[in-house]
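Worksheet: one structure, shown below.
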């Protein structure tokens with residue numbers, strides 16, 4: 001069987017799997033961004049209880065592995081009566097995990113907005129909400145975009161783990177194809193190329209474009 | 001009502017201690033490979049051969065932008081197709097070592113690039129050999145900025161070892177899954193694994209940041 005024939009026979013399943021990988025990736029990214037903003041801001045709260053809760057969350061999710069968290073959410077939560085569909089458990093676990101890393105990026109970026117900006121906003125008599133939304137967050141956003149570019153790639157890679165709870169993503173389909181054909185180089189090799197192309201020619205350019213767009217928006221380009 | 005069974009925890013403790021040792025062994029072995037491979041990868045990118053530089057650069061990018069899980073499967077299943085059967089341990093260590101080697105090469109590159117051009121020029125001006133330039137001038141200055149990244153990836157490799165369970169490396173995750181299959185209890189084994197990981201990675205992260213400060217102070221770079 002040549003490689004072309006291999007692709008003709010199994011290409012359809014790989015394409016289906018790739019679509020699911022992309023969907024999982026997009027949903028996980030939404031969860032990660034929401035978690036990151038929420039816990040990043042909580043980490044900066046003046047209330048020690050809120051700050052403490054956020055610290056515990058971040059340390060637990062960053063201190064253990066994504067695979068452990070995924071299995072915990074999928075196998076242990078049902079014991080407590082919370083049954084999640086494998087599809088939801090998949091992107092939720094990836095998003096919650098990566099969001100903990102993102103929270104540190106949000107916190108770091110907000111802290112690195114120059115003090116003068118905070119003082120100027122206070123001097124202009126802005127409310128604290130307005131100061132955050134109009135002055136601090138837009139600048140923090142631009143500061144944190146480059147590290148988010150790396151984190152988003154990690155999210156894409158993280159979604160491969162959902163295959164282990166039988167979400168039929170690219171990783172899952174490739175393993176099935178490998179088992180039925182024993183053409184490991186072709187199967188796993190193709191998957192490597194697909195992930196590489198997704199990361200290098202889709203995700204990275206989008207993040208670069210976003211960086212460029214945002215720095216123009218706040219007049220830095 | 002779900003009850004947490006302490007007796008199960010005590011029963012499992014010896015198996016988990018054993019498995020934790022294997023997890024640490026996998027992380028340590030993988031890291032040893034990564035530290036050396038990373039150095040090879042970064043030096044290969046600094047030679048005069050453009051095509052070599054390009055090929056290594058693309059290889060590093062490929063490894064960094066594809067899932068470790070996939071690479072683990074690739075290494076484990078591709079060998080037998082060519083008559084080379086690797087044990088789960090060998091395949092696992094190669095996969096995780098190459099993956100983190102690619103990341104560490106980027107850490108080293110950042111460190112080397114942070115050494116000012118004037119240092120290279122001065123070394124050349126006093127006629128130091130390339131080996132001596134690296135050993136006496138560049139590496140001592142490239143090390144402190146690299147130590148923090150190296151430490152982060154040491155914790156990172158430890159947290160990624162559960163992925164080796166998929167090819168049958170009997171580390172913590174593999175043990176927990178086996179216990180779950182035997183006893184139909186998932187709460188205790190998976191929670192124990194999580195707790196063990198936390199108990200190791202949090203102090204490790206703290207010690208690494210202490211070590212980082214110590215390196216900076218020893219090399220006289222702490223302000």
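Protein chains in written order, with my numbering: chain A, 1 to 221; chain B, 1 to 223. Backbone N, C-alpha and C define an ideal beta-carbon position, used for all residues, glycine too.
query                                                                                                                     : result
Distance between residue 102 (chain B) and residue 61 (chain B) (C-alpha atoms, nearest Å)                                : 8 Å
Residue closest to residue 171 (chain A), alpha-carbon to alpha-carbon, out of A:32, A:90 and A:73                        : A:90
Alpha helix (DSSP H) segments (min. 4 residues) lying fully within the region 121-197 of chain B                          : 139-160 and 172-183
Pair within 9 Å by beta-carbon distance, residue 169 (chain B) and residue 15 (chain B)                                   : no
Chain A residues whose Cβ lies nearer than 9 Å to that of residue 183 (chain B)                                           : Per Cβ cutoff of 9 Å: no residues; residue 183 (chain B) is ~13 Å from chain A at best.
Residue range of the unbroken alpha helix (DSSP H) whose run includes residue 18 (chain B)                                : 6-44
Contact under 9 Å by Cβ, residue 86 (chain B) with residue 163 (chain B)                                                  : no
Cβ-Cβ distance between residue 114 (chain B) and residue 141 (chain B) below 9 Å                                          : yes
Given residue 191 (chain A) as reference, the closest of A:9, A:69, A:83 and A:14 once Cα atoms are compared              : A:14
Distance, residue 142 (chain A) Cα to residue 207 (chain A) Cα                                                            : 11 Å
Members of the region 59-90 of chain B near chain A, C-beta cut-off 8 Å                                                   : 61, 62, 64, 65, 66, 67, 68, 69, 70, 71, 73, 74, 77, 78, 80 and 81
Closer than 9 Å at the beta carbon, the chain B residues around residue 76 (chain A)                                      : 186, 187, 190 and 191
Cα-Cα separation between residue 214 (chain A) and residue 152 (chain B), rounded to whole angstroms                      : 30 Å
Rounded straight-line distance, which links the Cα of residue 45 (chain A) to that of residue 139 (chain B)               : 41 Å
Residue 82 (chain B) to residue 76 (chain B) span [Cα, whole Å]                                                           : 12 Å
Host alpha helix (DSSP H) of residue 135 (chain A) (start-end)                                                            : Counting along the chain, residue 135 (chain A) falls outside any alpha helix (DSSP H), and DSSP gives it neither H nor E.
Cross-chain neighbours of residue 197 (chain B) in chain A, by beta carbon under 9 Å                                      : 63, 64, 65 and 68
Close Cβ partners of residue 73 (chain B) (< 8 Å) along its chain, the five nearest in sequence each way excluded         : 166 and 167
Any chain B beta carbon closer than 9 Å to residue 184 (chain A)                                                          : yes
Proximity test, Cβ basis, 9 Å: residue 176 (chain B) and chain A                                                          : yes
Chain B within 9 Å of residue 188 (chain A), Cβ atoms only                                                                : yes
In chain order, each alpha helix (DSSP H) run of at least 4 residues that lies wholly inside the region 19-104 of chain A : 48-63 and 66-71
Close Cβ partners of residue 208 (chain B) (< 6 Å) along its chain, the five nearest in sequence each way excluded        : 151
Beta strand (DSSP E) runs contained entirely in the region 39-78 of chain B, provided each spans 3 or more residues       : none
Rounded C-alpha distance that separates residue 225 (chain A) from residue 126 (chain A)                                  : Missing from the structure shown is residue 225 (chain A); chain A here goes from 1 to 221 and no further.
Distance between residue 157 (chain B) and residue 93 (chain B) (C-alpha atoms, nearest Å)                                : 11 Å
Assigned exposure category for residue 147 (chain B) - 16 Cβ within 10 Å defines buried                                   : buried
Backbone CA spacing between residue 210 (chain A) and residue 199 (chain A) [nearest angstrom]                            : 15 Å
Short CB-CB distance (under 9 Å) between residue 205 (chain B) and chain A                                                : yes
Nearest-angstrom Cβ-Cβ length linking residue 129 (chain B) and residue 42 (chain B), presumed shorter than 8 Å           : So it is not a contact: roughly 19 Å between Cβ atoms.
Per-residue DSSP class, three states only, for residue 2 (chain A)                                                        : coil
Three CB pairs or more closer than 8 Å across the region 76-83 of chain A and the region 139-157 of chain A               : no
Three-state class that DSSP yields for residue 171 (chain A) in the structure shown                                       : helix
Chain B contact for residue 83 (chain A) (CB, 9 Å cutoff)                                                                 : no
Coil, strand or helix - residue 127 (chain A) by DSSP                                                                     : coil
Burial state of residue 21 (chain B), where buried means 16 or more other Cβ atoms lie within 10 Å                        : exposed
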